[in-house]
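These notes are about the structure you will find just below.
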Amino acid sequence: MQPVKANILLAEDDLSLGYVIKDNLEQEGYQVVLCSNGEQALQCFQKDTFDICLLDIMMPVKDGFSVAKKIRQKSDIIPILFITAKSMEEDKLKGFASGADDYITKPFSMKELLMRIEVFLRRTKKLFSEQPIEFEFGAIHFSYTDLKIIHGTETSNLTQKEADLLKFLCEHPNQILKRDEVLLNVWGKDDYFLGRSMDVFITKLRKHFKSDASVSLETIHGVGFRFNIPG
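Just so you know, we're using our numbering here: the sequence shown kicks off at 21 and counts up by one.
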């Protein structure tokens with residue numbers, strides 16, 4: 021019997037599709053708990069330990085957005101991937117805002133889903149295995165390892181994607197970074213929708229810097245961004 025690669029929470033109200041996904045993932049060595057609505061998914065999340073969550077958006081009782089927000093209140097590290105039949109840009113942006121790390125749109129191939137899962141699990145494993153990654157800028161301390169921003173007695177939690185973006189900015193302080201450069205390094209590809217989602221994350225990060233006037237995340241219109249910090 022092969023060892024379990026990871027424990028996956030799958031929330032999908034279309035049980036025919038849910039069982040197809042579950043069976044395919046289990047054949048690849050994953051352990052999968054399938055839930056048919058958002059409330060059931062939350063109850064399972066609270067009772068067990070999962071390595072990644074796959075959430076449909078349109079579900080009865082609680083939708084995927086609500087479930088993602090509740091999960092994020094418990095964990096900033098666990099990857100959340102939305103499985104959605106909807107291609108509306110507003111829904112995807114709302115998904116990122118609720119704490120999702122990525123999305124995959126139906127219909128999709130199992131090969132694509134497996135690749136997405138493996139990427140997130142490698143990233144999480146690397147996060148726990150490496151030495152702590154810390155940054156200081158102005159009066160702010162940023163722990164990439166713990167996904168936290170600390171300023172004095174105030175501590176703010178980040179999602180994994182917010183932390184990935186801020187880490188890249190911290191590695192290139194006071195430099196003009198082109199939009200496509202940021203997208204390729206943080207999201208792995210450059211397209212219009214991901215550019216819009218990046219703007220959402222930029223806006224969320226700016227809120228964390230309001231307490232320190234010496235730090236700013238500047239938009240260079242038509243070009244990209246510059247993370248301004250004291251020299």
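Ideal placement from N, C-alpha and C gives every residue a C-beta, glycine not left out.
Remember, predicted model here, so these are calculated numbers, not experimental data.
Asked: Residue from Lys227, Val40, Asn248 with nearest C-alpha to Pro127; Found: Val40
Asked: Whether Ala183 touches His171 by CB criterion (8 Å); Found: no
Asked: Whole-angstrom distance between Asn57 and Pro80, CA atom to CA atom; Found: 5 Å
Asked: The stretch 162 to 171 in contact with the stretch 183 to 195 per 3-pair CB rule at 8 Å; Found: yes
Asked: Asp121 - DSSP class collapsed to helix/strand/coil; Found: coil
Asked: Test item: CB-CB of Gln195 and Ile97 under 8 Å; Found: no
Asked: Contiguous beta strand (DSSP E) assignments of at least 3 residues, all confined to the stretch 222 to 247; Found: 236 to 240
Asked: Any beta strand (DSSP E) of 3 or more consecutive residues that is wholly inside the stretch 62 to 120; Found: 72 to 76, 100 to 104
Asked: Ala233 classed as buried or exposed, judged by whether at least 16 other C-beta atoms fall within 10 angstroms; Found: exposed
Asked: Contact check, Gly119 vs Arg142, beta carbons under 8 Å; Found: no
Asked: CB contact below 8 Å: Tyr39 versus chain C; Found: Considering every chain present, this structure includes no chain C. It has just one protein chain.
Asked: According to DSSP, residues forming a beta bridge with Ser163; Found: Glu154, Lys168
Asked: Distance, Ser36 Cα to Arg136 Cα; Found: 21 Å
Asked: CA-to-CA distance, Ala31 to Asn248, given in whole angstroms; Found: 41 Å
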